[in-house]
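In the UniProt record's numbering, the protein residues as written are 1 to 850.
C-beta: ideal position from N, C-alpha, C; glycine also.
None of these values were measured; they are calculated from a predicted model.
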């Protein structure tokens, strides 16, 4: 996985006539690729790949089984308790050794690593989230050189610290007997979580290279967006330059936009590493907008460092100009929590994001592309990079910049408490500084957030009683918390990223009390952990819903990838093993049977679990958007998975959409059209718009029976929604609408149509298991296209939640949909796989009720 770090810069070949000293371009030698590794103390080296981790290399060598299959995860726990070493050789030329500085650069070491060049110790690493750079020139020679990296077990490395502390730090998701995860600056989810396995990796997990240079090197360029408006954009460019000569001299800095000169100025450089500033102003700039509000425009800015007419260095970055604000103010409701983008209040629609694999180096750029596109296709404008994972690759943020997906960026602390000794704080400060500097130029970064759930946990989860803390212990722990999240991080951000908002934690308000829903951010887990029904979603709406969710199983094709047919039941060892939530399968089954017919097979249970998840989150998201003004954000848990199994995701580990993700598209579209029963005889239709411009159209309500006959219609003409408006509601008498038709035999078709839009939704007056659905006859026509296939379907009666399955890669353009009677519907599948109409399987609620 390549990285585009700001220090990966290209120096042109220059000849300096003043001193007749030839300046070579920066030389980069990749050390990625073929290595060898072995367990420390054992004989025999084994082939390895870098970037990589021990578990991946053992898997490639056939020395362990796929840890995601069956219960194999239990068979690889020994790996985390051992030490491992990697080695390779590389060639260096005499000319390269003439450079002033030769750095060895690791973009990521996981986690405790000792590095040796030609047998000499040059580096000790202790943080997975940091880049490690060390001048290794004194240890190098012409010709063949060797490099060794020895990794120490993080469990054994911190076992002594765990015992010496005198009390246990909370780390409920750490599945180990000795819970050392709070002491280790490593991805928390590697130690286990309630949606993924425990896989404590070690390895050179990001790229490694040699960088050789002389005279000067630009280490960082920061385009500080001081003041951004539609009229003017003022940018303060900060360029960090390492100057290696012994005498000062005057160089020239230039800034260009798409090749056009914006600003130039002389700078006096002196020996050492210093930051130089050059500001410029753009008139009537083209601003960056999030998905759904406008173009995510990116400007190409180039910084040049010159000596006379000679270009010493050129660095180009794509920068989106925008102003992002988080508004937390007392109001008539309580305390607001909403984002303003370029002066406009934006309702955030999105999801929480976790790392895409437990074995991180095998995540490809294509997978990143697909994931971001999944967010765009579902009409999202924000993803929350959750604090139990990793600071993602630049490639992830590049794609978010390009697609208009805002990022709520947690720092990597989650669901526990941490030590606060001097060495730990120093390590954390280095981590924060490096990652903020790396990410701060990205337009997508909307918020820095200190941690996940630590404040509400300390105040509400009963840790003091559970762990028996003395008053002194409690004071020590909470003082350490304050030091990291109320001092160290915000003070660092004030220096390095002063124009982006910061909050200490998510959420800032706990769901345990009704009053708390009037204040700031909220993680609502009453449905699930609180075992509440879906009907509690509409009555528990906070100011910004940054977490909520419900589990489902992935589709059968994904289940086949980790379990054979003998394990296809909820009580099997494999299904129990892959269900990491303490109440998972039982909670799914309970809610499923509340709304849907009881499953008569495992395959039907899997199908119904996805419909149940979609049903619940539909109630949640509709209530969030219907409460616009009170609520200004809805980020469900979670968009993706790190392994195959039941979880809260809407897209499974292999990128297959669940029923929820298909529903999200309409729930997150710019105009939401929805309905709800106020009581047995009153129906309310709601319209909410997130468009920047006024919306004018005609609203129509049709009542149809399941054979397609229109029973009644209502129409509201010239309905208008203006930007910033909370929404509009219309109330109807149900018995008048139905004309004596039973509630369980009709569907309401809602339609809001204007000159440039047409939004449609279906609504039922009864829960699915009570609907009087009929047996159906389904006609289909499959046509091969250049991109894949088109499938046209038609039925004689309403078909509820039709699932179309085929053994081919890709996601249908629609699925789990309701097929209206006697109306054709065409869906598409982009795939290179070949199949025929007879290979397609269908399943619907009609099939389960008849």
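Test item: CB-CB of residue i and residue j under 8 Å
i: residue 553; j: residue 606; result: yes
i: residue 142; j: residue 212; result: no
i: residue 646; j: residue 576; result: no
i: residue 636; j: residue 615; result: no
i: residue 415; j: residue 506; result: no
i: residue 120; j: residue 35; result: no
i: residue 145; j: residue 101; result: no
i: residue 813; j: residue 828; result: yes
i: residue 688; j: residue 727; result: yes
i: residue 153; j: residue 80; result: yes
i: residue 782; j: residue 773; result: no
i: residue 619; j: residue 524; result: no
i: residue 673; j: residue 748; result: no
i: residue 477; j: residue 417; result: yes
i: residue 29; j: residue 90; result: yes
i: residue 405; j: residue 374; result: no
i: residue 410; j: residue 451; result: yes
Residue i, buried or exposed, once every other Cβ within 10 Å from all chains shown has been counted against 16
i: residue 510; result: buried
i: residue 498; result: exposed
i: residue 273; result: exposed
i: residue 182; result: buried
i: residue 768; result: buried
i: residue 548; result: buried
i: residue 384; result: buried
i: residue 455; result: buried
i: residue 531; result: exposed
i: residue 372; result: buried
i: residue 201; result: buried
i: residue 428; result: buried
i: residue 565; result: exposed
i: residue 458; result: buried
Contacts around residue i, its chain only, beta-carbon distance under 8 Å, and the 5 residues preceding and following it disregarded
i: residue 430; result: 127, 130
i: residue 298; result: 288, 318, 319, 320, 401, 402, 443
i: residue 681; result: 733, 734, 735
i: residue 159; result: 178, 180
Limits of the alpha helix (DSSP H) - the one that residue i falls within
i: residue 757; result: No alpha helix (DSSP H) holds residue 757; DSSP gives it neither H nor E.
i: residue 590; result: 584 to 595
i: residue 103; result: Taken as a continuous stretch (DSSP letters only), residue 103 belongs to no alpha helix (DSSP H), being part of the beta strand (DSSP E) at 101 to 106.
i: residue 193; result: First-last for residue 193: undefined, no H or E at that position.
i: residue 394; result: 394 to 403
i: residue 471; result: 471 to 482
i: residue 542; result: Neither: residue 542 is in no alpha helix (DSSP H) and is coded neither H nor E.
i: residue 428; result: 422 to 439
i: residue 604; result: 602 to 626
Contacts around residue i, its chain only, beta-carbon distance under 6 Å, and the 5 residues preceding and following it disregarded
i: residue 743; result: 765, 766
i: residue 222; result: 238
i: residue 502; result: 448, 490, 493
i: residue 676; result: 684
i: residue 515; result: none
i: residue 208; result: 31, 106
i: residue 657; result: 651, 811
N- and C-terminal bounds of the beta strand (DSSP E) containing residue i
i: residue 446; result: 445 to 449
i: residue 495; result: Looking at the DSSP string, residue 495 is not in any beta strand (DSSP E); the run it does join, the alpha helix (DSSP H), is 489 to 496.
i: residue 228; result: 216 to 228
i: residue 117; result: 112 to 117
i: residue 33; result: 33 to 39
i: residue 702; result: 695 to 705
i: residue 850; result: It is not in any beta strand (DSSP E) - residue 850 carries neither H nor E in the DSSP assignment.
i: residue 747; result: 746 to 753
i: residue 281; result: 272 to 283
Close-in-space but distant-in-sequence residues of the same chain around residue i (CB under 7 Å, 5 per side omitted)
i: residue 630; result: 333, 541, 543
i: residue 603; result: 556
i: residue 833; result: 808, 809
i: residue 262; result: 255, 256, 280
i: residue 754; result: 695, 696, 697
Problem set entry | Touch test, the stretch 388 to 400 against the stretch 444 to 462, Cβ-Cβ under 8 Å, three pairs minimum | Three or more Cβ pairs drawn from the stretch 388 to 400 and the stretch 444 to 462 lie within less than 8 Å of each other, which places the two stretches in contact.
For this session: Evaluate the contact criterion for the stretch 781 to 797 versus the stretch 808 to 824: three or more CB pairs, one atom per stretch, below 8 Å.
Result: By the C-beta criterion, the stretch 781 to 797 is judged to be in contact with the stretch 808 to 824, since at least 3 inter-stretch pairs fall below 8 Å.
Exercise. Pairing CB atoms from the stretch 66 to 79 with CB atoms from the stretch 565 to 581, are three or more of them under 8 Å?
Worked result: The stretch 66 to 79 is in contact with the stretch 565 to 581.
Exercise. Can we say the stretch 715 to 733 touches the stretch 658 to 670, given the rule of at least three CB pairs closer than 8 Å?
Worked result: They do not touch, by the three-pair rule.
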